[in-house]
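Asker: What follows is a single structure, and I will ask about it in a moment.
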Amino acid sequence: MMRETLQLTVRGTDRAIVDPLRRREDELVKRLNRSINDVARELENAEPSTRLLDRVVSAARVLPSGDILIQVDDIKDYEDLIKAAPAGFSDTWCQVLGENAGLKRQTYAVVVHGVTCRFSPSATDARRQLKAENVKRISTAAEIVYMDWLMTKRKMEETRPESTKLLIEFADPYAANQAILRGLAIYGRNHDCQFFDGSHRLQQCYRCQMYGHIARNCKRDDHCAYCAGDHDSKECPYAHDRRKAKCAECVRHKKPDLSHFAFDRGCPIRGEELAKIQLNRRQGPQLHPERYSEPATPPSSEEDHPTPYETVQADARAAEARAAKAAKKKSSSRSRSRMKKRRVVESGEDSQEEIEEDLRALSSYGAQPVDSVNDVVVIDSPTETGHLESPAHIEIQHRGRSESHDELQDGTSEEAPPARSTRRQTRKALLERPTQC
Numbered sequence: 001m002m003r004e005t006l007q008l009t010v011r012g013t014d015r016a017i018v019d020p021l022r023r024r025e026d027e028l029v030k031r032l033n034r035s036i037n038d039v040a041r042e043l044e045n046a047e048p049s050t051r052l053l054d055r056v057v058s059a060a061r062v063l064p065s066g067d068i069l070i071q072v073d074d075i076k077d078y079e080d081l082i083k084a085a086p087a088g089f090s091d092t093w094c095q096v097l098g099e100n101a102g103l104k105r106q107t108y109a110v111v112v113h114g115v116t117c118r119f120s121p122s123a124t125d126a127r128r129q130l131k132a133e134n135v136k137r138i139s140t141a142a143e144i145v146y147m148d149w150l151m152t153k154r155k156m157e158e159t160r161p162e163s164t165k166l167l168i169e170f171a172d173p174y175a176a177n178q179a180i181l182r183g184l185a186i187y188g189r190n191h192d193c194q195f196f197d198g199s200h201r202l203q204q205c206y207r208c209q210m211y212g213h214i215a216r217n218c219k220r221d222d223h224c225a226y227c228a229g230d231h232d233s234k235e236c237p238y239a240h241d242r243r244k245a246k247c248a249e250c251v252r253h254k255k256p257d258l259s260h261f262a263f264d265r266g267c268p269i270r271g272e273e274l275a276k277i278q279l280n281r282r283q284g285p286q287l288h289p290e291r292y293s294e295p296a297t298p299p300s301s302e303e304d305h306p307t308p309y310e311t312v313q314a315d316a317r318a319a320e321a322r323a324a325k326a327a328k329k330k331s332s333s334r335s336r337s338r339m340k341k342r343r344v345v346e347s348g349e350d351s352q353e354e355i356e357e358d359l360r361a362l363s364s365y366g367a368q369p370v371d372s373v374n375d376v377v378v379i380d381s382p383t384e385t386g387h388l389e390s391p392a393h394i395e396i397q398h399r400g401r402s403e404s405h406d407e408l409q410d411g412t413s414e415e416a417p418p419a420r421s422t423r424r425q426t427r428k429a430l431l432e433r434p435t436q437c
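Residue numbers (UniProt numbering): 1 to 437.
So, in structure tokens, the structure goes:
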């Protein structure tokens, strides 16, 4: 789907120019890119808003009708080539394919089911009336490019149906998709809408009787639709004679039943083609692809048109900035980790494992175990010579809540406890002492 959204069609080409390029796609792409670059240089000073510099075509091919299908790979390439159309610049670079060559306007079609035949799609105010009835379903700015009955005029006159299908082509894919999702109101009645593509319509060539193209673009030999002879159907001596009927397509595919006209509804080849179309309708896309791009801003300097070298340099600078930011973030994370460890050591906060190890060391001296959460182990700090006092200095003081409360009421203050040694020094000193029996 993404590939179809970036395709352009050039119509009105010169057959003398494009026919030799039918199987030379590489030469066709070179001519188009050369023409775009030449026009871009000419318009660089005359029209700065026309951004054709460095815009390229990646693929192209000649269609059976003589039109050129162009493929671009970037949304900016697509938009810039389209934006040049109102000023007439698109015809300039398209003229490499013919004097009258120009871009075909892309439309997005939907089929509206069950529309009453009282509605006249060819009326002058029909499009305005349709948009007015559906002002909250589709945007008022949505443009209806084409609107007509899906059934041919001849068949409409023969069958005279009360309701039939209406074909509408929008200029905007968003409006078409809104019609598909929400439906359209006509004469106060809701109507379901369906995605429509050219491949959903059966095409049969009345020159060679094959399917998939029309006689205007056919270069094959003539085959009669009545008797499968090598002549034009208008010159057949057995026209409309069922006794001489023979299907040219069934002859080509070696089908057993040949006794019918090439356009009969009972033809097995025709049935196979209709089955393919129905399968494509069910399993194919149900919405038109929409192109998304950043809002356009007017160019202010030459920086809006970077060269390939400038683009590479900008990407390199961006990569360096991202690497520096990542390194700074990593260094900051390490610094925060070190500061956290330092705060833990300075604050004297101990882990559960350290507390349990200290209690085991104290129990080896026969110290009284800690019975409550209010028991605090106080250890005298080492002397200046680096030796600890005797284990008799190690005592367990119980500071109950009631005692603390009484002292606070009396206004007396408790003496500051002795300085606490680090866990590493205390544990080492305790383990070096001999165990008392």
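Each residue gets a CB set at the ideal place from its N, CA and C atoms; glycine is no exception.
As the structure is a computational prediction, the values presented were derived from the model and not from experiment.
For glutamine 203, name the three-state secondary structure that DSSP assigns.
Answerer: It is coil, neither helix nor strand.
Asker: Mind checking who serine 163 pairs with in its DSSP beta bridge?
Answerer: Paired residues: Thr116.
Asker: Span of the alpha helix (DSSP H) holding residue 440?
Answerer: Residue 440 is absent from the structure shown; the chain starts at 1 and stops at 437.
Asker: Please classify alanine 326: is it buried, with 16 or more other beta-carbons within 10 angstroms of its beta-carbon, or exposed?
Answerer: The residue in question, alanine 326, is exposed, as its Cβ has fewer than 16 Cβ neighbours within 10 Å.
Asker: Between valine 110 and glutamine 194, how many whole angstroms is the CB-CB distance? I'm expecting something under 8 Å.
Answerer: At roughly 7 Å, the Cβ-Cβ gap stays under 8 Å, so valine 110 and glutamine 194 are in contact.
Asker: If we ignore side chains and look at the alpha-carbon of each, how far apart do proline 161 and leucine 21 end up?
Answerer: Their backbone Cα atoms lie some 47 Å apart in a straight line.
Asker: Any idea what DSSP makes of serine 381, helix, strand or coil?
Answerer: Reliability fails at serine 381, whose pLDDT of 43 lies under 50, so the model's placement of it is uncertain and the value that follows must be treated cautiously. Coil, per DSSP.
Asker: What are the boundary residues of the beta strand (DSSP E) that includes isoleucine 68?
Answerer: Taken as a continuous stretch (DSSP letters only), the beta strand (DSSP E) holding isoleucine 68 covers 68-71.
Asker: Could you name the residues of the same chain whose beta carbon sits closer than 8 Å to that of aspartate 315, not counting the 5 residues immediately before and after it, in chain order?
Answerer: Counting only Cβ-Cβ distances below 8 Å, and skipping sequence neighbours, we find nothing.
Asker: Output yes or no for whether 8 Å exceeds the beta carbon distance between histidine 200 and asparagine 280.
Answerer: Closer than 8 Å, so yes.
Asker: What are the boundary residues of the alpha helix (DSSP H) that includes isoleucine 180?
Answerer: First-last of the alpha helix (DSSP H) with isoleucine 180: 173-182.
Asker: What are the start and end residues of each continuous beta strand (DSSP E) run of 3 or more residues lying completely inside the stretch 94-138, in chain order?
Answerer: You should have 108-116.
Asker: Return helix, strand or coil for threonine 5, following the three-state DSSP convention.
Answerer: In this structure, threonine 5 counts as helix in the three-state DSSP scheme.
Asker: When you compare only the Cα positions, how much space is there between leucine 247 and proline 268?
Answerer: Position check: residue 247 holds cysteine in this sequence, whereas leucine was assumed. The straight-line gap from Cα to Cα measures roughly 10 Å.
Asker: Starting from valine 56, follow the beta strand (DSSP E) in both directions and report where the run begins and ends.
Answerer: Careful: valine 56 lies outside any beta strand (DSSP E) and carries neither H nor E.
Asker: Is glutamate 389 helix, strand or coil by DSSP?
Answerer: Note that glutamate 389 scores 46 on pLDDT, short of 50, meaning its location in the model is unreliable and no value can be drawn from it.
Asker: Do you know offhand how far phenylalanine 89's Cα is from glycine 284's?
Answerer: Reliability of the predicted coordinates at phenylalanine 89 is poor, the pLDDT of 49 falling under 50, and the value obtained from them is presented with this limitation in mind. So the alpha carbons of these two residues sit roughly 36 Å apart.
Asker: If you draw a straight line from the C-alpha of arginine 282 to the C-alpha of valine 57, how long is it?
Answerer: For arginine 282 and valine 57, the distance between alpha carbons rounds to 33 Å.
Asker: Nearest by alpha-carbon distance to aspartate 148: which of Cys208, Thr164 and Leu258 is it?
Answerer: Checked all of Cys208, Thr164 and Leu258; the closest Cα to aspartate 148 is Thr164.
Asker: What does a CB cutoff of less than 7 Å around threonine 13 pick up in its chain, not counting 5 residues either side in sequence?
Answerer: Hits under 7 Å: Gly66, Asp67, Ile68, Leu97, Gly98 and Ala101.
Asker: Return helix, strand or coil for methionine 151, following the three-state DSSP convention.
Answerer: Here methionine 151 sits in coil by DSSP.
Asker: Using the beta-carbon count (16 or more within 10 Å), is asparagine 134 buried or exposed?
Answerer: With 16 or more Cβ atoms within 10 Å of its Cβ, asparagine 134 is classed as buried.
Asker: If you draw a straight line from the alpha carbon of glycine 271 to that of leucine 258, how long is it in whole angstroms?
Answerer: C-alpha separation (whole angstroms): 14 Å.
Asker: Quick check on the burial criterion: 16 or more other C-beta atoms within 10 angstroms. Buried or exposed for asparagine 190?
Answerer: Asparagine 190 comes out exposed.
Asker: For alanine 239, which of helix, strand or coil comes out of DSSP?
Answerer: Note: alanine 239 maps to coil in three-state DSSP.
Asker: Comparing alpha-carbon positions, which option in Asn217, Lys234 and Thr159 lies nearest alanine 225?
Answerer: Measuring from the Cα of alanine 225, the nearest candidate turns out to be Lys234.
Asker: Under three-state DSSP, which class holds glutamate 169?
Answerer: Glutamate 169 falls in the strand class under three-state DSSP.
Asker: Excluding sequence positions up to five away, which residues of its chain have a Cβ less than 7 Å from the Cβ of arginine 182?
Answerer: Here the set comprises Arg137.
Asker: DSSP state of aspartate 264, grouped into three classes?
Answerer: In this structure, aspartate 264 counts as coil in the three-state DSSP scheme.
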